[in-house]
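Just so you know, we're using my numbering here: the sequence shown kicks off at 2 and counts up by one.
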Amino acid sequence: MLKLLFLIVSCSCVFAQDETDKMDVFRLPNDTEPISYRLDVQTFIEPENNNFTFIGTVVVTIQAKTSTEEITLNVDDLNINQINVKDKETSTEIEVTGNQVVDKNEQLVIQLKTPGLIADRVYEVKIAYSGELRNDMSGFYKSWYKDEKNDTKWLAITQFEPTYARSAFPCYDEPAFKTPFTIFITRLENQISLSNMPITEQTIIPSPEGQPKYVCDQYQTTEPISTYLIAFSVSEFVNTTKDQRIFIYTHADYIDQLTYINERADKLLNLMEIYTNIPYTYSKIGLLAIPDFSFGAMENWGLNTYREKYLLVTNKSTEKDKETVITVVQHEFSHQWFGDLVTCSSWNYVWLNEAFATLFEYFAVHAAEPDWRIGDLFVIEQLQEALAYDHRPRHPITANVNDPNEIEDIFDIITYNKGASVLRMLNHALNDDIFRTSLTLYLNTYKYKAVEPKNLWNSFDSVIYDANYKSGILGNTITVEEFMRSWTDQAGYPVINIDTTNPNYIVISQKQYQVDVPKLKSTTLWYIGLSYTTQLHKQFNNLQPTVWLNNTETELSIPLLADEGWVIFNLQSTGFYRVNYDIKNWNLLIAELKSNPKTIHVLNRAQLIDDSFNLARAGELPHFIPFTLVSYLEKEDDFIPWYSVLNSMSYIVERFRRCPHTGAQVQDFAKTYAEIAYKKVSDQYEKNDGKHLTKTSMQAFSNWACNLDVESCVKSALNYFNAWEKDGTEIPPDVKEAALCNGIKNGTNETWNKVFELFKNTSSTSERQASLLALACSKNSTILSQYLNLLLDRNCPIRPQDYKTMFKSLTSTPVGINVTTDFLQNKINESLSNMWEGEEMIMLMYSNLASRVATGKEIDEINAIRSLTYLSPTLKESFDNSYKEVELNSAYFERCHPLLHEWFDPSSTTIAPSSAVSNSYHYINVIILSLIFVTLVNINYFNVIQ
């Protein structure tokens, strides 16, 4: 599953290790297990009667593992109409004396007459039930769209991961229970049904004259599969396909938007077959574009489901959106092996599914589109984002989760980004051949089974043993399991400190990286493989570690000749850790970047930027290092390091809104570099160099520069917008978001309304996203307040799946922060009554605010909200947890404000206003002074070594 990660709650998410009683309550007892299912569902989609219901019968063949008088299954929000139990061998009925639905545990307990079930015998449990199609995009739910005649069309679709199959049929709803399913779906004659397997038989259901005609579709029996991977739908969709294996579905009006992925999907699936050396298991795979879908996409075995924006492409789609369509489809295709064929046995190990799928969405797409440089983007989008998220240790990759809410919480950056980054680290610690061979062994050994991490590590250790590797593998001292468990079973990650001040050797030490000051006491250590190069050798492509730190030692020394100059550790950012150096080495690196940046690998240039800013934020490095280091960027023509600059500076700019004077200086400093980045990318874009990275970077850096009011960016954006507003001249897709935002920012009510109409009427998901984001750019609080109040209207034109995007964009500006705060101050109760999933959305709004507030007034106001007397205990707890982010960000500001004020105004004793122009001169002066300092250090250093 590709979950949409709007990570705005930064409270620690550590799950207790001793909650056995709690776990026992939510987990099914181990006295029976399913052998197979026969599931028969009939759906009623009758909008004229407001009838959106379904009836079903499930026959579960089970085996009793112990003698018992109870059968416990998972059920949530279903009506249980009849239950029959019989002995499979003798067909003897077992009397059911009663049943109880335990709502809080989401379980159905069936009581049987003594003696009940006998150990090792097989039984059939037949349950007739009914339910309503849900409206919360989980379980078996309804969705809608408008056709070309503007008529509303309805469909029913499933989303079962992680614990929602139980709301569609009674079942053993835990991933370890993998069993074959035979599915029957009954639907109207003018509809189609879809499920995991191809249809094997269709039967017309006799009906009285004048009554709707129904058809029952019987599907082939699946291989053993977990309940969360079952999928079915009823709709009036149509499909397009180039072959008889991949079928892509949407409604008829959007069929032409499937061409892009239709031309590429087979190649993406083939790449996984080639890499794993295992053919795709089923004879077909369906891809459905769903109008309402809470996640990004879902890997149901043989029937992948997608939010429309992750499958549909038009000529108005941005280059980044096209890339995202490819990577998301590849993510779900990868799951057909990692997650579907071989499945995690417990949600504690969901990373066995998601980390591999995330890794292969980059690995495989890089093979499909090598010019896209998607492998380099992994470092920016996955590794650096995971480092930023895990800098306050939350939970290990292997988590301990018990109830459905905790299970939901671990579908996060730790599971996806960090998990993938750690697997990438393992790949480079071994080599490509060992990695690939081990994964093929793992998949073949455990296909159709549910696994734990030890099964994966055993496959690696077996391959290494059989290959008789003697040297260079994990330092020759530890197993793959020992190495990887130090990364999967511990929260957080290390910072490696490199001391080069001794002319004969380097001292390497490790400790847990913590962003906040003061530091918490930590004794956590890791097995760490270190790769490095020196100024003398400049070998950045030997990525296998040559130095190892074990999880019992905090430091070691290695010999190094002084004439080798600077050192860089963690080549191409293959390791999941940060690296800090002594000031002498930092200055040597800065001097190298200033003189000839391309001598340092592009991924290490990005790493130096990201690490230096974050080390300074954590109090591990003086701020003058990152602020001086970025001065080399005028010579940086590769866009990859610029993403690290954008991400690093954006946090500081946001936090320093609290101080008008220093905040303005920080913003002007960032603006200087945003302008450089924008000029570099726009020059290439206007030359139409045809590079994928140029087009995607044009979108990213246009947004950054225009948000910081870079004059050339704003002028260009407004020119595009004005031409569109005047006569409909099409705005190039990659600058549309910036153009629409600046048009609204500088426009009138009519301007906002025109963009809103574009949002409501466009058939392009990319254009819809750009206009949705732009609607929050208004500086008019009345307009934004009316915009937010639309969510209280039951006929709101904004789909609930887009609420999160709306909240995030609204809280990205000071005006939007004030409007959202005012909304929460006055309309919590109204929201609970009228807004879709009101309580969850209120919590999401507050957590977005908590991550963005900066000024004293903003902080005081959201602090007051969490003290409102009418808050429910759930809201109060959520608000308090979210507010921890405010406290941590405030502590950072209090600590770093004097330091940055001194850096910008070294001779100032009072804070006085200054113009952007004078600030720019000041930055140049400070940079020059810093570089003179660097030069003097270098001269002194080389005098010593001579």
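C-beta: ideal position from N, C-alpha, C; glycine also.
| message | Are the CB atoms of Ile206 and Thr187 within a distance shorter than 8 Å? | response | yes
| task | Starting from the C-beta of Met485, find all residues in its chain whose C-beta is less than 8 Å away, skip the five residues before and the five after it, and write them out in chain order. | result | Val423, Leu427, Pro454, Trp458
| Do Leu431 and Ser460 have their C-beta atoms within less than 8 Å of each other? | no
| request: Tell me whether Gln536 sits in a helix, a strand or coil according to DSSP, three-state version. | output: coil
| request: Evaluate Lys23 with the Cβ neighbour count: other Cβ atoms within 10 Å of its Cβ, from every protein chain shown; 16 or more gives buried, anything less gives exposed. | output: Reliability of the predicted coordinates at Lys23 is poor, the pLDDT of 49 falling under 50, and no value is obtained from them.
| 7 Å CB neighbourhood of Val76 in its chain, flanking five on each side removed | Val102, Glu107, Gln108, Leu109, Arg167, Pro171
| What's the call for Asp377, buried or exposed, on a 16-neighbour Cβ count within 10 Å? | buried
| task | May I ask which residues mark the beginning and end of the beta strand (DSSP E) holding Leu40? | result | 33-47
| field | Alpha-carbon to alpha-carbon, Leu440 and Pro504 | value | 44 Å
| said: Could you compute how far the alpha carbon of Asp639 sits from the alpha carbon of Gly839? | reply: 45 Å
| task | Report yes or no: do the stretch 378-390 and the stretch 304-319 share at least 3 C-beta pairs separated by less than 8 Å? | result | no
| query | Does DSSP classify Met842 as helix, strand or coil? | reply | helix
| task | Pull up the CB-CB distance for Thr1 and Glu362, whole angstroms please, since I reckon it's below 8 Å. | result | Residue 1 lies beyond the residue range present for the chain, which begins at 2 and ends at 947; the question has no answer from this structure.
| Is the distance from the Cβ of Ile863 to the Cβ of Leu876 below 8 Å? | no
| message | So, under 8 Å CB-CB, Trp567 and Thr535 are touching, yes? Tell me the CB distance rounded to an integer number of Å. | response | 7 Å
| Among Leu230, Ile95, Gln192, Lys680, which has the Cα closest to the Cα of Lys214? | Gln192
| request: Determine the direct distance from the alpha carbon of Lys672 to that of Pro914, and round the result to whole angstroms. | output: A caution first: Pro914 carries a pLDDT of 30, below 50, which makes its placement in the model too unreliable to give a value.
| Anyone know if the C-beta pair for Leu288 and Tyr255 falls short of 8 Å? | no
| said: On the DSSP letters alone, give me the boundaries of the alpha helix (DSSP H) that Phe484 sits inside. | reply: 481-489
| task | Could you check the C-alpha separation between Phe45 and Glu237 for me, to the nearest Å? | result | 14 Å
| query | In whole angstroms, what is the alpha-carbon distance linking Tyr514 and Arg579? | reply | 8 Å
| field | Span separating the alpha-carbon of Thr242 from that of Ser765 | value | 21 Å
| request: Give me the Cα-Cα distance between Ile56 and Asp104, rounded to the nearest whole angstrom. | output: 20 Å
| Residue nearest to Lys450 in terms of C-alpha spacing, selected from Ser810, Tyr506, Ser347 | Ser347
| Per-residue DSSP class, three states only, for Thr187 | strand
| Is the Cβ-Cβ distance between Thr501 and Lys585 less than 8 Å? | yes
| field | First through last residue of the beta strand (DSSP E) which encompasses Ala129 | value | 123-133
| task | Whole angstroms is fine: what's the gap from Val715's alpha carbon to Tyr721's? | result | 10 Å
| Does DSSP put Ala492 in a helix, a strand or coil? | coil
| Ala913, DSSP secondary structure in three states | Residue confidence for Ala913 is low, a pLDDT of 33 falling below 50, so the modelled location carries little weight and cannot support an answer.
| message | Between Thr812 and Arg659, how many whole angstroms is the CB-CB distance? I'm expecting something under 8 Å. | response | Contact flag wrong, Cβ pair sits at about 16 Å.
| Ordered along the chain, which non-local residues of its own chain (more than five positions away) have a Cβ less than 6 Å from that of Glu94? | Lys87
| request: Helix, strand or coil for Asp78, going by three-state DSSP, please let me know. | output: coil
| task | Can you have a look at Asp709 and say buried or exposed, based on whether 16 or more other CB atoms are within 10 angstroms of its CB? | result | Sequence inspection shows Leu at residue 709; the Asp mentioned does not correspond to that position. Label assigned to Leu709: buried.
| field | Straight-line gap, Ile925 to Gln608 (C-alpha atoms, nearest Å) | value | In this prediction, Ile925 scores a pLDDT of 40, lower than 50, which makes its location untrustworthy; the coordinate-derived value is nonetheless stated afterwards. Going by the C-alpha atoms only, they are around 24 Å apart.
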